[in-house]
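Below is one structure, written out as structure tokens; comments come after it.
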Amino acid sequence: MDTNLPVSAQPRVVIVGCGFGGLRLAKELADAPVQVVVVDRNNYHNFQPLLYQVATGALEADSIAYPVRKIFAGQKNFFFRMADVKGVNSAANTLQTSIGDIKYDYLVVATGSLTNFFGIESIEKNAMQIKSIPNALNLRSYIFQNFEQALLATDPEHKQALLNIVVVGGGPTGVEISGSLAEMRNHVLPKDYPELDLKKMQIFLVEAGPALLGPMSKASQGDAKRYLDELGVKVMLNTGIKRYEEGKAYYSDTEYIPTENMVWAAGVNGAALPGVAESSVTRNKRITVNQWNRVEGETNIFAIGDVANMVTEEMPKGLPMLAPVAQQQAAHLAKNLQRIMRNEAPQDFKYFDKGVMAIVSRNKAVVDIKNIHFKGFLGWLSWLFIHLILLVGFRNRVVALVDWAFSYVSSGQALRLIIRPFNKRDVKDDKGKRAAEQAAATPEYNPTPSAVQTAPVV
Ligand SMILES: Cc1cc2nc3c(=O)[nH]c(=O)nc-3n(C[C@H](O)[C@H](O)[C@H](O)COP(=O)(O)OP(=O)(O)OC[C@H]3O[C@@H](n4cnc5c(N)ncnc54)[C@H](O)[C@@H]3O)c2cc1C
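To get our numbering, take the position in the sequence shown, counting from 1, and add 789.
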């Protein structure tokens, strides 16, 4: 297949991934003397921090996604190809994709991350994940399908399993989704399902570490736990889920929580591409880069965002997998690429930490900016404001604002439709294979990485 990309006299910068990093980089190169080619398997940019709101029916999927071509309309040096990237041939400077090979002068890998199931096959097969819009829509459908099933169930343990929800991973995603589900249970479901005894429905948040929101301040950790307790979420710390089968989430060899609804938010791996210098790929599939985001062992290949493992003195385990890291690296790399093309020395990247935040429920969020901690209504307002301005597209901001305002006054999520029923049997057979590959890459189950996902403050 021919990718039909125009031949240009200018160097071609190929960016794989139009997430937070790829999008920002392509924009920053708008006036640079280069041809910019972005390749993504989706034709939209996805605002991942709000995925949990799609999963719990608070926002429409359309309001957290934006078409790539619309974002770049008018940018003359920009070309987009929707394709799955299979690998890199660095000797030939080509990218192997589902639509054919693409030549590059400079390659930037901005592929983000993938859910890490720590090689536990039963969990990968049976749990729901929340990394993409289809994941979030599946989760929404699946939970509501199970409530419909609960109405019909006669076996008490099965009924309980259909109602119970287990969220694994006490990072911001786990905290946000369990808080949101608890609100739904407390305010929305009793009206929709008067025949169900929803007092029996339990929401568990299971975290392997000793605290929720690992990288946040002790004050934020404590406040988030207290908010969840108040909402009736059962927080289980120092607990790991070992396997999940036949509606049973085992946290020891014999003890289990009956549940047909498990959300796995316990960790992520980098989405490294095959063919990039193998010595640079870490155990959790991130690509080690230097302070200019250049991949170790390569000359014209760079990596930014979640997939890039940039170690600094302050962060010896690598910069966190956060949207602001991806965006700041992108903006910095845009300048460095132009310096490199002018034969000037590139400059080192410095991460500016603007703070972190996590929302628990209506009027309740926790925020840490440097040593300042605030929470409650002020934290919640800050969270809403920041996420609103970070959403791409005016329409999306308006729709999100209207949906949030409606939920606020009505105390209920509006979108409880099962439009595309989800069947676990649809889960692909290669899941077991991928779990085994991950097992080889990840030596032990220590799912604290979830805790690095926190919200940008500015
Ligand atoms: C549920 C959830 C909540 C989060 N909440 C927050 C938060 O509150 N605050 C925060 O700062 N961060 C949060 N994060 C993390 C944040 O989303 C990431 O740090 C950020 O998206 C990283 O940007 P990126 O550009 O590296 O990758 P991404 O934004 O993940 O983009 C990667 C892109 O690459 C494409 N891609 C990947 N592989 C291929 C391939 N082989 N071929 C073609 N295309 C490919 C994908 O389709 C995607 O568009 C959250 C993440 C999740 C999953």
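Using N, Cα and C, we set each Cβ at its ideal position, and we do this for glycine too. Given the structure is predicted, the values throughout are model-derived calculations rather than measurements.
(message) Going by beta-carbon coordinates alone, are Phe993 and Arg1205 separated by less than 8 angstroms?
(response) Against a cut-off of 8 angstroms, the Cβ pair of Arg1205 and Phe993 comes out as no contact.
(message) With a threshold of 7 angstroms on Cβ separation, who are the neighbours of Leu1173 within its own chain once the five nearest residues in sequence on each side are excluded?
(response) For Leu1173, where only same-chain residues beyond five positions count, the Cβ hits under 7 angstroms are Trp1193.
(message) Classify Ile1259: buried if its beta carbon has 16 or more other beta carbons within 10 angstroms, exposed otherwise.
(response) No information on residue 1259 is available, as it lies outside the stretch 790 to 1247 that the chain covers here.
(message) Between Ser852 and ligand 1, is there a pair consisting of the residue's CB and a ligand heavy atom that are separated by less than 7 angstroms?
(response) No; taking the cut-off as 7 angstroms, the Cβ of Ser852 has no heavy atom of ligand 1 nearer than that.
(message) Looking only at its chain, what residues have a beta carbon closer than 7 angstroms to the beta carbon of Phe809, apart from the 5 residues adjacent to it on each side?
(response) Its chain contains Gly1094, Ala1112, Ala1115 and Gln1116 as the residues whose beta carbon lies nearer than 7 angstroms to that of Phe809, once the 5 sequence neighbours on both sides are disregarded; these appear in chain order.
(message) On the criterion of 16 or more Cβ atoms from any shown chain inside 10 Å, does Met790 qualify as buried, or is it exposed?
(response) Around the C-beta of Met790, fewer than 16 other C-beta atoms lie within 10 Å, and the residue is accordingly described as exposed.
(message) For Ser902 and Val1096, which I take to be in contact (beta-carbon distance under 8 angstroms), what is that distance rounded to the nearest angstrom?
(response) Rounded, the Cβ-Cβ distance is 7 angstroms, consistent with contact.
(request) Determine the contact status of Glu1067 and Ser879, defining contact as a CB-CB distance below 8 angstroms. (result) In this structure, Ser879 does not lie closer than 8 angstroms to Glu1067 by Cβ.
(request) State the Cα-Cα distance for the pair Phe868 and Met1130, rounded to the nearest angstrom. (result) Those two C-alpha atoms are separated by around 20 angstroms.
(request) Would you decide whether Pro1047 is buried or exposed? Buried here means 16 or more other CB atoms lie within 10 Å of its CB. (result) Burial call: buried.
(request) Compute the Euclidean distance between the alpha carbons of Tyr841 and Gln918, then round it to the nearest angstrom. (result) Distance between the alpha carbons of Tyr841 and Gln918: 10 angstroms.
(request) Could you spell out the range, first to last residue, of the beta strand (DSSP E) harbouring Leu1179? (result) From DSSP, Leu1179 is part of no beta strand (DSSP E) but of the alpha helix (DSSP H) over Gly1165 to Leu1179.
(request) Please look up how many angstroms separate the CB atoms of Ala942 and Leu951, rounded, as I've assumed it's under 8 angstroms. (result) Contact flag correct, Cβ pair sits at about 6 angstroms.
(message) ligand 1 and Leu840: does the residue's C-beta get closer than 7 angstroms to at least one heavy atom of that ligand?
(response) With a threshold of 7 angstroms, the Cβ atom of Leu840 counts as near ligand 1, since some heavy atom of the ligand is closer than that.
(request) Using only the heavy atoms of ligand 1, determine whether one of them is closer than 7 angstroms to the beta carbon of Phe809. (result) Result yes, Cβ under 7 angstroms from ligand 1.
(request) Measuring alpha carbon to alpha carbon, tell me which of Ile860, Ser967, Ile954 and Lys1007 ends up nearest Ala819. (result) Between Ala819 and the set Ile860, Ser967, Ile954 and Lys1007, the nearest pair of CA atoms involves Ile860.
(message) The alpha helix (DSSP H) that contains Asp981, what's its start and end?
(response) DSSP places Asp981 inside the alpha helix (DSSP H), whose first and last residues are Leu978 to Asp981.
(message) For a test of your reading of the model: does the CB of Ala942 fall under 7 angstroms from any non-hydrogen atom of ligand 1? Yes or no.
(response) Because no heavy atom of ligand 1 lies under 7 angstroms away, the Cβ of Ala942 does not count as near it: no.
(message) Any heavy atom of ligand 1 closer than 7 angstroms to the beta-carbon of Glu1113?
(response) Looking at the sequence shown, residue 1113 is not Glu but Pro. Yes, ligand 1 has a heavy atom inside 7 angstroms of this Cβ.
(request) State yes or no: is the C-beta of Ile888 nearer than 7 angstroms to some heavy atom of ligand 1? (result) Ligand 1 has no heavy atom closer than 7 angstroms to the beta-carbon of Ile888.
(message) Here's the rule I'm using: 16 or more other beta-carbon atoms within 10 Å means buried, otherwise exposed. How should Leu1170 be labelled?
(response) With fewer than 16 other Cβ atoms within 10 Å, it is exposed.
(message) Please tell me whether Val802 and Leu1062 are closer than 8 angstroms, where the distance is taken between their beta carbons.
(response) No, the pair does not count as a contact, with Cβ atoms beyond the cut-off.
(message) Check for me: the beta strand (DSSP E) holding Met1309 runs from which residue to which?
(response) The requested residue 1309 is not part of the displayed model; the chain covers only 790 to 1247.
(message) Relative to the C-alpha of Ser769, which candidate in Pro999, Glu1035, Ser797 and Leu1002 has its C-alpha closest?
(response) Only positions 790 to 1247 of the chain appear in the structure, and residue 769 is not among them; the question remains open.
(request) Please confirm whether Gly958 and Leu1002 have their CB atoms less than 8 angstroms apart. (result) No Cβ-Cβ contact shorter than 8 angstroms links Gly958 with Leu1002.
(message) For the pair the segment 885 to 899 and the segment 1010 to 1028, tell me if three or more CB-CB distances fall below 8 angstroms.
(response) The segment 885 to 899 vs the segment 1010 to 1028: no contact.
(request) May I ask you to check if the CB of Lys980 is nearer than 7 angstroms to at least one heavy atom of ligand 1? (result) Not under cutoff, so the answer is no.
(message) What does the alpha-carbon distance come out to for the pair Lys1217 and Asn924?
(response) Its pLDDT being 47, under 50, Lys1217 is placed unreliably in this model, and the value from its coordinates should be taken loosely. Cα to Cα, Lys1217 sits roughly 13 angstroms from Asn924.
(request) Under the assumption that Tyr1016 contacts Val1149 (Cβ atoms under 8 angstroms), give the Cβ distance between them as a whole number of angstroms. (result) Going by Cβ atoms, the distance from Tyr1016 to Val1149 rounds to 4 angstroms, so yes, they are a contact pair.
(request) Please classify Tyr1016: does DSSP put it in a helix, a strand, or coil? (result) Tyr1016: helix per DSSP, three-state reduction.
(message) When you compare the CB positions of Leu812 and His834, do they come within less than 8 angstroms of one another, or not?
(response) It is a contact, given that the beta carbons lie within the stated cut-off.
(request) Please report how far the alpha carbon of Ile909 lies from the alpha carbon of Tyr982, in whole angstroms. (result) Whole-angstrom Cα-Cα distance: 34 angstroms.
(request) Assign Gly863 to buried or exposed, taking buried as 16 or more other Cβ atoms, counted over all protein chains shown, within 10 Å of its Cβ. (result) Exposed.
(request) Kindly examine ligand 1 and report whether one of its heavy atoms sits closer than 7 angstroms to the Cβ of Asp1157. (result) Distances between the C-beta of Asp1157 and the heavy atoms of ligand 1 are all 7 angstroms or more.
(request) May I have the straight-line CA-CA distance separating Gln938 from Ile1090, to the nearest angstrom? (result) Near 51 angstroms, if we compare the C-alpha coordinates of Ile1090 and Gln938.
(request) May I ask whether a heavy atom of ligand 1 can be found less than 7 angstroms away from the beta carbon of Arg1186? (result) No, ligand 1 has no heavy atom inside 7 angstroms of this Cβ.
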